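Here is the structure we will look at, set down as structure tokens.
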Amino acid sequence: MIHYTCDRCKRNIDTTCQTRYVVKIEVQTAHEDCSPDFDDDVDHLSELHQVLEGLTDDEIDDAQSDTCLSGDYDLCPECHKQYLKNPLGRDALLPLGFSNN
Ligand SMILES: [Zn+2]
């Protein structure tokens, strides 16, 4: 039997009586400033293909390690509920935005 642990509160998730939720997080750099020129679609696609073929998995990992994050996280039902309310962890920042100036 596989035992799951909630990645948020570290409690065990008993899948026989609890639902296990999986959050898939993927953070990538948005390259809006270098958006490709689509004037010539055919040439662009072949260039892109060459770029993709030239990159190994290791090179991709190195380039993205500082700015990108991806992973699957197990959540218990309670943490799933909390996560949906506040997926970006914004609650801690709210008091700063409501100072009495
Ligand atoms: Zn939890």
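Here this note's numbering is used: the first residue of the sequence shown is 196, the next is one more, and so on.
Glycine included, every Cβ here is placed at the ideal spot set by N, Cα and C.
Computed from a predicted model, the values in this text were never measured in an experiment.
Nearest to Cys-201 by alpha carbon, out of Glu-273, Ser-265 and Thr-224?
Glu-273
Straight-line gap, Arg-285 to Tyr-278 (C-alpha atoms, nearest Å)
11 Å
What separation, rounded to the nearest whole angstrom, lies between the Cα atoms of Ser-265 and Ile-220?
5 Å
So, at 8 Å on beta carbons, what are the nonlocal neighbours of Asn-207 in its own chain, with the 5 sequence-adjacent residues on each side left out?
His-198, Tyr-199, Thr-200 and Cys-201
Can you determine whether any heavy atom of ligand 1 sits closer than 6 Å to the C-beta of Cys-263, and answer yes or no?
no
So the beta strand (DSSP E) Asn-219 belongs to, where does it begin and stop?
One point to set straight first is that residue 219 is Lys, not Asn, in the sequence displayed. 216–222 is the span of the beta strand (DSSP E), which, as asked, contains Lys-219.
Provide the residue(s) that pair with Ile-197 in DSSP beta bridges, ordered along the chain.
Answer is none; Ile-197 lacks a bridge partner.
If I measure Cβ to Cβ from Cys-271 and keep anything under 6 Å in the same chain, skipping five residues before and after, which residues do I get?
Cys-201, Arg-206 and Ile-208
Terminal residues of the alpha helix (DSSP H) in which Leu-279 lies
272–280
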